[in-house]
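Presented below is the structure to which this report refers.
Number of protein chains: 2
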Amino acid sequence: MDLDTVRTFVAAADAGQFQEAAAELAVTQQAVSKRIAALERQLGVRLFTRTARGARLTIDGQAFLPHARELLRVAERAVASVRTGRRPLRVDVIASRVAPSGLMRGFHQAHPEIDLDVLMLFDVETAVAAIRSGAIDASFRAVAAPGRPLPEDIESVRVLDEPLQLLTGPGHVLAGARSVPLARLAGHRIWMPGIVPGTEWAAYYDDLVAEFGLTIEATGPNFGSDALLDTVADTPALATFMGEHTRLVWPAGHGLRRIPVTDPTPVYPHSLLWHRDNPHPALAALRAHLATTTSGHDTAGTWTPDWVIPRTG
Amino acid sequence: MDLDTVRTFVAAADAGQFQEAAAELAVTQQAVSKRIAALERQLGVRLFTRTARGARLTIDGQAFLPHARELLRVAERAVASVRTGRRPLRVDVIASRVAPSGLMRGFHQAHPEIDLDVLMLFDVETAVAAIRSGAIDASFRAVAAPGRPLPEDIESVRVLDEPLQLLTGPGHVLAGARSVPLARLAGHRIWMPGIVPGTEWAAYYDDLVAEFGLTIEATGPNFGSDALLDTVADTPALATFMGEHTRLVWPAGHGLRRIPVTDPTPVYPHSLLWHRDNPHPALAALRAHLATTTSGHDTAGTWTPDWVIPRTG
DNA sequence: CGCCGTCCACAACCCATGGTTGTGTCCGTA
DNA sequence: TACGGACACAACCATGGGTTGTGGACGGCG
């Protein structure tokens, strides 16, 4: 299906006649007639009843019309998503099971008028390069990765220290615990598929493993959250980490348990990164939104890697 | 933009290489290469970085991908909307400012999984013909129009008796009234653009005018609800009728007032019509939904035209 | 009642688009 | 260095969709 054809259909429906639609679209009446005929042939239904004074929508045409309009709207947004200059705000979020995508959902609800594109880059270095090149506007990341200070044209602000919780199935030995000390996790299998070696996310868990002697398995393909949750729910010996603020949608009856981790509580430090000179108005809105919705956490009894920059807010 | 091109882009993004995408789409690798190149030229950005082992999405490509998927989803729904056999439920609602479209919104929220197409036909006769031909599945109408009993293959059930209220701007002489007797409206200008002569809706107001000596102006083009509300808000001498259950969205500060009408309260009788033999499963769901959400109203002190069939529920 | 104007459909023609095959280039790897 | 895999470019060709020209249907009007 060709969007020009759909546009023609909408124009003809609005005009009530092919002639006028043709004039609007700067083609001949015959071209409009052909396009509509082709669309009707493709859909297998008649969209217009032709009369001597124009063309009226059939019932099928009336049913199709709002879908056609929606199609054009979506197409416009799709084109806008890659248009340079006044394009949607592009924000990189770290992959899966932590808070930033939830923060972006909240921002979208608070500012539904702001067009957003949320994507997931490889690591903080890629994100910083993308920010400097202007390819993206902001990134939620843990900064700085070990030994790599941020360039001075990149600004950052800590927006959320997210405590990690243990997620287990109902058959897990810790399933009944109200909370579990971090040291008690030594020896348990903790599965974190989707962590890519070389990223700052992997560095975080590497430090956690080294300091507390945990067993974290990042191996295996990442089939997505649903598959992970299914596996964890069904495997008594398996658990995984998950951000406290992450809202999961899973089928009822899985019996999944969230168990707070203590002494200390590992927290993942989310910062927002952006370019000093980025003028995108929605970026200012995002920063303002995050400033109002996120608050400082008590750092007592929590753990973050040494290389994480200290909280400034 | 051609949807086949978009489909090709998505296939290539999913496959990670053009070859495999080409095989899936049953075209040659060169065709895929050309399509992607054309799309990139059209959008003005590079979507893939070509390597010796495939093609990876650029950041622009990543931003575009979800929009592309959405485009394909919408296109599929658009086609489904006119496909015979297992198509979305098609429901006709009477035009503007009365309850049925609100009822359909409620149904959609209760059953988001059911695909709906809501359209507005000319009058109850058109609707009945459309139901009998299978072009639509159900219709909200006032039945029966005077002198035209329903055919026996059409079933109907009264779903809502909607009281009409007066809507005025802040400068209207009745703006401060808590309620107004119907007889007091004689002499006031009541504006109802969009009422098409010959429809059962017009018949309703004709009877109302004849019985209580109102002055209802249906003249003038109907520029939509927004324009109507603007005009009513700004014109002290003008008022309009509006269903009590109609939720309007209008800019704050218009100062519009809803004033209940009494002695008697005119109510508009909405019935759902459908074909006796229509097997569409969503139709049963709609009837069940309406049965639970709508309740009988006290008919004391209300007015409906003589020709309206009496309530059976 | 017949003429005319309006609007859409059909026919013939033609060019651009988009497909195929054949070949070149790049790059990672053995 | 040679090979294989993957994408791009070139040449060719069929189809699609555009234009012009024309005919038919319908409604308005003299």
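Chains A and B are the protein sequences, given in the same order. Using my numbering, read the first sequence as starting at -4 and increasing by one per residue. Using my numbering, read the second sequence as starting at -4 and increasing by one per residue. Even glycine gets a Cβ: it sits at the ideal position worked out from N, Cα and C.
Residues in the stretch 101 to 125 of chain A having any Cβ partner in chain B nearer than 7 Å: Asp112, Leu114, Ala125
Within chain B, the residues that A:His284 reaches when beta carbons sit closer than 8 Å: Under the 8 Å cutoff, chain B gives no residues; its nearest Cβ is about 21 Å from A:His284.
Are the C-beta atoms of B:Ser337 and some chain A residue less than 7 Å apart? Lying before the first or after the last residue shown, residue 337 of chain B is absent from chain B, which here runs from -4 to 308.
Taking C-beta pairs closer than 7 Å, name the residues in chain A that B:Glu65 reaches, listed in chain order. Val69
I need the straight-line Cα distance from A:Val40 to A:Asp55, nearest angstrom please. 7 Å
Short CB-CB distance (under 7 Å) between B:Val303 and chain A: no
Measure from the alpha carbon of B:Thr194 to the alpha carbon of each residue in B:Ala17, B:Val168, B:Ile89, then state which is nearest. B:Ile89
Would you mind reading off the limits of the beta strand (DSSP E) that contains A:Pro153? For the sequence presented, residue 153 of chain A should be read as Arg rather than Pro. Run containing A:Arg153: 149 to 163, per the beta strand (DSSP E) assignment.
So B:Phe43 packs on B:Ala7, CB below 8 Å; how close in whole Å? 7 Å
What residues of chain B sit near A:Phe59, judged by a beta carbon separation below 8 Å? Ala73, Ser76, Val77
Look at the alpha carbon of B:Trp196 and the alpha carbon of A:Glu35, and state the distance between them as a whole number of angstroms. 33 Å
Same chain only: Cβ atoms within 8 Å of B:Glu206, ignoring 5 sequence neighbours per side: Trp298
Quick check: B:Arg282 and B:Asp148, are their CB atoms within less than 7 Å of each other? no
N- and C-terminal bounds of the alpha helix (DSSP H) containing B:Asp87: Premise fails: B:Asp87 lies in the beta strand (DSSP E), 84 to 87, not in any alpha helix (DSSP H).
Thinking C-alpha only, which one of A:Gly97, A:Leu66, A:Leu116 is nearest B:Arg51? A:Leu116
With a threshold of 7 Å between beta-carbons, can B:Ala130 be considered close to chain A, or not? yes
So, does the CB of B:Gly308 fall closer than 7 Å to a CB anywhere in chain A? Interpretation of B:Gly308 is limited by its pLDDT of 44, a score under 50 that renders its predicted location unreliable; the figure taken from the coordinates is listed afterwards. Closer than 7 Å: no.
Give the residues of chain A in contact with B:Arg85, contact being defined as C-beta atoms less than 7 Å apart. Ala58
With H, G and I counted as helix, E and B as strand and the rest as coil, what does DSSP make of A:Met99? helix
Are there three or more Cβ pairs, one per stretch, closer than 8 Å when the stretch 57 to 66 of chain B is compared with the stretch 24 to 31 of chain B? no
What separation, rounded to the nearest whole angstrom, lies between the Cα atoms of A:Gln104 and A:His284? 11 Å
Using beta-carbon positions only, say whether A:Leu155 and A:Ala94 come within less than 7 Å of one another. yes
Using a Cβ-Cβ distance under 7 Å, would A:Leu34 count as near chain B? no
Sorted by chain position, which residues of the same chain lie with C-beta nearer than 7 Å to B:Asp229's C-beta, five sequence neighbours on each side aside? Gly164
Just to confirm, are A:Ser174 and A:Thr241 a CB contact at a threshold of 7 Å? no
Which residues of chain B have a Cβ atom closer than 8 Å to the Cβ of A:Ile54, listed in chain order? Arg85, Leu114, Leu116, Ala125, Ala130, Ile131
Interface flag, B:Asp(-3) vs chain A, CB-CB below 7 Å: yes
Since B:Leu177 contacts B:Pro261 with CB under 8 Å, what's their CB separation in whole angstroms? 7 Å
Here's the rule: buried if 16 or more other CB atoms are within 10 angstroms of the residue's CB, otherwise exposed. What is A:Glu157? buried
Is DSSP giving B:Gly238 helix, strand or coil here? strand
Given B:Leu209, which residues of its chain have a CB within under 7 Å of its CB, disregarding the five upstream and five downstream residues? Leu180, Ala181, Ile185, Leu203
Rounded straight-line distance, which links the Cα of B:Ala232 to that of B:Gly250: 15 Å
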